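Report on the structure given below.
Numbering (my numbering), first residue to last: 7 to 627.
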């Protein structure tokens with residue numbers, strides 16, 4: 007075994023070239039073995055094996071800066087930088103993150119959980135290097151659809167004009183740029199990736215002195231060459247017009263050519279794009295056939311490719327089916343996703359109403375603005391988007407939707423704690439920022455029945471912008487439908503009232519049961535609408551409350567509990583004691599939702615303990 011002797015990238019560089027194919031094969035088996043146990047992003051990492059090995063053959067990532075975009079293609083990098091032994095804990099509580107984390111290793115240059123920022127970050131690093139008179143390489147590894155985000159082009163535009171030595175590696179696995187077609191591009195790409203080509207090019211430039219671009223013969227030949235090149239390689243035009251030297255397309259599974267091209271890119275000492283063509287899921291037949299399924303996958307049987315625990319009905323699937331039915335009833339209803347049709351449950355809609363389904367790729371800001379345009383012309387657009395990615399469209403929510411009070415509906419998926427992807431993916435901000443945008447109605451179903459009911463309310467009954475926020479996964483013990491009320495008392499109790507919204511009502515009800523065993527009579531009030539707050543309805547449920555405990559899986563500043571308390575105080579009806587149980591100011595790490603709720607005191611036992619502390623009582627064993 008070669009891989010078990012790889013502890014640092016230096017070990018990779020010491021290998022004989024003939025050993026590298028075996029290393030790549032072992033890396034693929036390593037990925038399948040571990041991700042099948044823990045779950046994770048498999049297909050994208052299988053496609054980046056040779057590319058990652060080539061990067062570590064040419065660059066020293068303890069000094070050279072490698073910025074991933076998106077970070078889910080970093081598993082091979084982690085395995086080659088001293089973290090193989092941690093893969094049993096991948097995406098587990100206090101374990102190895104599935105994304106680059108500088109606190110884990112000096113080899114991780116920057117955190118990467120959202121898409122399209124790598125070129126901007128890398129350019130900042132390159133400029134810092136120049137200002138500090140340092141000498142190291144900076145690379146941005148972008149791919150897996152990240153080039154569909156507008157921020158990527160902002161970075162490319164500035165980086166190409168900067169003249170800074172910077173290498174942008176486009177890992178094109180068929181999700182970013184259309185392939186060049188025909189034999190001539192393939193043949194010329196092979197020629198351009200040979201060492202002799204680079205040596206000739208360096209010799210040729212040297213013929214014209216230190217400033218070859220100022221020589222008229224060089225400029226004439228360069229114009230002729232560029233015209234021919236743009237005819238044969240039309241994909242290179244965009245990058246070269248921005249100021250980059252374009253190298254490619256390169257076979258992403260040909261190690262020799264990858265190493266040669268990366269060496270040449272480093273020697274060019276300017277902005278360079280290296281276009282690499284790879285196969286997502288390479289080397290594992292199930293992932294190659296269905297890269298979407300194995301993009302982010304739960305634990306599975308590596309022999310069959312089948313999930314160990316087949317997924318059941320979820321809030322996402324219920325949302326998608328209900329929206330499909332509503333679109334069948336009203337031709338104004340249309341659906342938008344940002345490269346997440348499967349994750350948001352919209353595949354059903356896409357098949358039933360393809361003319362009204364729009365995938366805008368990884369461009370959430372654009373998705374919000376397009377929804378605003380649809381609404382302005384009388385359609386009812388529904389943008390289904392993960393909570394963590396909706397953050398990227400915040401300005402558009404204010405400027406393009408709220409100011410004109412447009413009827414845009416947001417399906418805010420993965421709201422609250424989501425589990426193993428960690429702090430970059432938890433949906434713990436939307437309840438705060440959506441509630442602060444004027445005119446927004448924010449609904450929080452806790453059951454599938456309530457989701458169906460609230461989505462119809464959002465589409466056909468409520469005016470202006472509406473967000474329906476719901477968690478990842480399935481429903482809990484609470485399966486009632488109280489969607490026709492702004493707030494509802496699920497349980498009465500004279501000692502304390504626990505206020506919650508969304509699926510946390512399950513934990514609040516459990517806490518009330520535990521408190522009853524401690525001699526504390528706890529009521530539970532469920533909020534269905536957190537913005538605007540219906541204080542007439544809520545006040546009637548809280549008037550007799552002397553102690554109010556509010557549980558929510560969001561951050562503390564500006565949380566619903568604070569807003570409720572402030573409004574009650576303003577009305578002279580403040581409770582004698584307020585207990586806020588939330589995330590405070592701490593980002594939640596990787597781990598299952600149950601583990602994270604326990605850590606932050608948001609499970610039933612944690613809420614009960616917080617109430618007992620607030621009441622000054624000791625827990626009876």
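Ideal Cβ placement from N, Cα and C applies to all residues, glycine included.
It should be emphasised that the depicted structure is a prediction, and the values quoted were computed from it without experimental measurement.
Only counting the same chain, and skipping five residues up and downstream in sequence, which positions put a Cβ closer than 6 Å to that of residue i?
i           : result
residue 449 : 460, 474, 535
residue 512 : 482, 483, 484
residue 463 : none
residue 395 : 370
residue 166 : 248, 249, 250, 277
residue 654 : The structure shown has nothing for residue 654, since the chain only spans 7 to 627.
residue 188 : The predicted position of residue 188 is uncertain, since its pLDDT is 45 and thus under 50; no value can be drawn from it.
residue 440 : 446, 448, 473
residue 456 : 487, 489
residue 144 : 71, 128, 131, 132, 172
residue 612 : none
residue 302 : 47
DSSP on residue i, reduced to helix/strand/coil?
i           : result
residue 75  : strand
residue 388 : strand
residue 175 : strand
residue 252 : strand
residue 161 : helix
residue 537 : strand
residue 197 : Caution is warranted here: a pLDDT of 44 is assigned to residue 197, below 50, making its placement in the model unreliable, and the coordinate value is therefore given only provisionally. Helix.
residue 348 : coil
residue 325 : helix
residue 148 : strand
residue 277 : strand
residue 265 : helix
residue 23  : helix
residue 114 : coil
residue 156 : helix
residue 433 : strand
residue 612 : helix
residue 379 : helix
residue 624 : coil
With distance defined between alpha-carbon atoms, name the residue in the options nearest to residue i.
i           : options            : result
residue 447 : 453, 571, 553, 438 : 438
residue 574 : 593, 546, 76       : 546
residue 155 : 135, 126, 142, 144 : 126
residue 176 : 159, 389, 169      : 159
residue 84  : 13, 170, 39        : 13
residue 10  : 543, 91, 365, 49   : 91
residue 521 : 374, 502, 506      : 502
residue 71  : 365, 124, 480      : 124
residue 76  : 169, 48, 141, 106  : 106
residue 254 : 264, 281, 262      : 281
residue 409 : 375, 434, 262, 420 : 375
residue 379 : 350, 412, 391, 398 : 412
residue 580 : 301, 553, 558, 529 : 553
residue 372 : 355, 340, 406      : 406
residue 505 : 25, 87, 617        : 617
residue 392 : 477, 401, 259, 429 : 477
residue 326 : 341, 385, 336, 335 : 341
residue 509 : 320, 245, 114      : 320
residue 564 : 134, 543, 451, 537 : 537
residue 55  : 41, 597, 33, 434   : 33
Cutting at 7 Å between CB atoms, please list the residues of its own chain near residue i, excluding the five before and the five after it.
i           : result
residue 269 : 64
residue 179 : 53, 149, 150, 284, 285, 286
residue 601 : 99
residue 2   : Any property of residue 2 remains undetermined from this structure, which presents the chain solely from 7 to 627.
Beta-carbon within less than 8 Å of residue i's beta-carbon, same chain only, minus the 5 sequence neighbours each way: which residues are those?
i           : result
residue 43  : 94, 305
residue 312 : 306
residue 29  : 8, 9, 12, 18, 21, 59
residue 382 : 410, 412
residue 607 : 587, 613, 615, 616
Which partner residues of residue i appear in the DSSP bridge assignment?
i           : result
residue 343 : 365, 390
residue 504 : 530, 555
residue 585 : 555
residue 313 : 306
residue 371 : The partner list for residue 371 (beta bridge, DSSP) is empty, contrary to what the question assumes.
residue 283 : 178, 257
residue 169 : According to DSSP, residue 169 bridges with nothing at all.
residue 417 : 390, 474
residue 494 : 532
Item to check | Ordered list of beta strand (DSSP E) runs contained in the region 435 to 489, each at least 3 residues | outcome: 447 to 449, 472 to 475
Checklist entry - Which whole runs of the alpha helix (DSSP H) in the region 540 to 566 are 4 residues long or more, in chain order? => result 541 to 548
Item to check | Whole beta strand (DSSP E) elements within the region 41 to 103, 3-residue minimum | outcome: 71 to 75
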